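What follows is a single structure, written as structure tokens, with notes after it.
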Amino acid sequence: MIRTQGLAYRYPGADTALQFPDVDVAQGAVLLLSGPSGCGKSTWLALVAGLVAPTAGTVEVAGQPLHALKSVAADAWRAKAIGFLPQKLHLSAALTVQQNLAMAQWAAGQPEDAGAIHTTLQALGVAELAARKPSQLSGGQAQRVALARAVLLQPRVLLADEPTASLDDEAAADAVALLLATARTHGATLVIATHDARVAAFIPAGVEGQIGFQRLSLLRKKLSKEEQAA
Numbered sequence: 004m005i006r007t008q009g010l011a012y013r014y015p016g017a018d019t020a021l022q023f024p025d026v027d028v029a030q031g032a033v034l035l036l037s038g039p040s041g042c043g044k045s046t047w048l049a050l051v052a053g054l055v056a057p058t059a060g061t062v063e064v065a066g067q068p069l070h071a072l073k074s075v076a077a078d079a080w081r082a083k084a085i086g087f088l089p090q091k092l093h094l095s096a097a098l099t100v101q102q103n104l105a106m107a108q109w110a111a112g113q114p115e116d117a118g119a120i121h122t123t124l125q126a127l128g129v130a131e132l133a134a135r136k137p138s139q140l141s142g143g144q145a146q147r148v149a150l151a152r153a154v155l156l157q158p159r160v161l162l163a164d165e166p167t168a169s170l171d172d173e174a175a176a177d178a179v180a181l182l183l184a185t186a187r188t189h190g191a192t193l194v195i196a197t198h199d200a201r202v203a204a205f206i207p208a209g210v211e212g213q214i215g216f217q218r219l220s221l222l223r224k225k226l227s228k229e230e231q232a233a
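Sequential numbering from 4 applies to the sequence shown in the working numbering.
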């Protein structure tokens, strides 16, 4: 689940702050976060992941109020509770697929679990690629590997930032379907942040009819320093 209230963020040195609508997303639900480039989608994801602290407001994720976490505890919590699929996949070129996933386990303070890695890769149809390096993967294979890394520790929340960027229609539809299916399998709350108008069309009517499906459109709404102080 994700719950925000009165959320705002001001970049260091900026005169205005981005202001975000309140959200209350149930566990296992889907949130489509849309809006033009520069409206704050990536900032919102960073706030929900606890990567940055809000200028104002509160964030609660998977029952955890983020303001209550200290830096070290926040890192450990994030590694286990949040699965992140970034626009740039950030797979280490020097490591194999197996080792890239093991890094997620190490980051969470866990030993490498080859069995869990194999099971996760197999579920996404890329287990046979475990010994390859990222340069030996196609774009679709690399995205599946990155998604496997994101869900390896069975996170409560899965955040996907522009997952259809630079994909043709067929590949983009497949990417959205894969995200929905993977989140459903793990019971994770799914947030898809995008400015791609195609994504809404790729979400099946059955999903839209489910309780918990939400759309949130962000605009370039900013607060001045005076409004922030009010």
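Just so it is clear, CB atoms sit at the ideal spot from N, CA and C, and this is done for glycine as well.
Source: prediction; values computed, not measured.
Query: Exposure label - Lys44; buried when at least 16 CB within 10 Å; Result: buried
Query: Euclidean distance between Cα positions of Arg159 and Val55; Result: 19 Å
Query: Supposed close pair Val154, Thr185 - CB separation, criterion 8 Å; Result: 6 Å
Query: Rounded straight-line distance, which links the Cα of Gln144 to that of Pro89; Result: 15 Å
Query: Coarse secondary structure for Phe87, derived from DSSP in three states; Result: strand
Query: Same chain, Cβ closer than 6 Å to Glu1, neighbours up to 5 away in sequence not counted; Result: One cannot answer for residue 1 here, as it falls past the ends of the chain, which runs 4 to 233.
Query: Residue environment, Ser220, which counts as buried when at least 16 other CB atoms sit within 10 Å; Result: exposed
Query: Separation of Ala20 from Ala116, as counted between CA atoms; Result: It is worth fixing the name first, because residue 116 is Asp in this sequence and not Ala. Approximately 43 Å between the Cα atoms of the pair.
Query: Proximity to Asp199 [Cα-Cα], best of His189, Thr188, Thr61 and Ala163; Result: Ala163
Query: Spatial distance of Gln108 from Leu156 (CA atoms); Result: 7 Å
Query: Of the listed residues Ser40, Pro39, Gly38 and Ala77, nearest to Val51 (C-alpha basis); Result: Ala77
Query: Residues that DSSP places opposite Val62 in a beta bridge; Result: Thr7
Query: Rounded separation between Val100 and Ala126 - CA only; Result: 15 Å
Query: Residue from Arg152, Ala17 and Leu181 whose Cα sits closest to the Cα of Pro207; Result: Leu181
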